[in-house]
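Visitor:
Residue numbers (our numbering): 7 to 252.
(1) Would the beta-carbon of residue 15 fall within 8 Å of that of residue 66?
(2) What residue range does the beta strand (DSSP E) around residue 213 cover?
(3) Compare the C-alpha of residue 146 against each of 75, 167, 210 and 92 and name the closest.
(4) Less than 8 Å between the beta carbons of residue 86 and residue 58, yes or no?
(5) Is residue 184 near residue 155, with beta carbons less than 8 Å apart?
(6) Of all the options 110, 100 and 161, which has the alpha carbon lying nearest to the alpha carbon of residue 142?
(7) Starting from residue 41, trace the beta strand (DSSP E) both ways and give me its first and last residue.
(8) Scan the region 93-175 and note each continuous beta strand (DSSP E) run of 3 residues or more that stays entirely inside, going in chain order.
(9) Based on Cα-Cα distance, which residue from 191, 75, 37 and 159 lies nearest to residue 53?
(10) Could you tell me the distance, in whole angstroms, from the CA atom of residue 217 to the CA atom of residue 248?
(11) Please state if the CB of residue 106 and the CB of residue 127 are separated by a distance shorter than 8 Å.
(12) Figure out for me which residue from 221, 236 and 178 has the closest Cα to the Cα of residue 45.
(13) Between the C-alpha atoms of residue 12 and residue 118, what's the straight-line distance to the nearest angstrom?
Okay, structure coming up:
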């Protein structure tokens, strides 16, 4: 049997003796958009940072495209693309120059890098502003460049941490369209969000994390059925309130 593209097993993280993430487990595969849902401070970002190898787990492990986050972190970084709401581009560089700079950090160079940049400019409809400095870009334009940066090295796994937070409607739609494209391309997408309508639109399956623990991990249709709700936002409130009582 083929292993899942992402397999998270009992991941935990403590900060100063406090458990921020408590034995979190879930799986996702190619063509999945898996939702990691929860209120702010629930442990979503900490979980994603462990998977992306930017922080080490206190215990547990995860396999990303067959690589262990604890034993093979540099391999994991080569197969993961990360997108957050914090865009972090160089304003004095053009969109193309930003992509070139980050491409070199991924070990791409020469003709291969230039071809990939041109491919992304076309894919993300950036031709009209690719050679302009990014300092005066709209949030939608900036987000397109940030998406390009996340997928420059064509990673099979994408980690999206609250990617639409603080964006206007047009910029947020750019991200939503990109997620749909990624799913069609067979990427494994992990989407962390507290915007339930977004998750209901994009994800087939989701885990709800509350106070560092996963309280449910099922298909969205099943979560709605269990809570007898039409909207994920209402189901989420029921489950979180029930968890607070226990």
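Glycine included, C-beta positions come from ideal geometry on N, C-alpha and C.
Guide: Based on what the coordinates show:
(1) Contact flag set, yes.
(2) 211-216
(3) 92
(4) For residue 86 and residue 58, yes; Cβs fall inside 8 Å.
(5) no
(6) 100
(7) 39-43
(8) 163-167
(9) Selected option, being the one with the closest Cα: 75.
(10) Cα-Cα distance, rounded: 13 Å.
(11) no
(12) 221
(13) Spanning the alpha carbons of residue 12 and residue 118 requires a straight line of approximately 28 Å.
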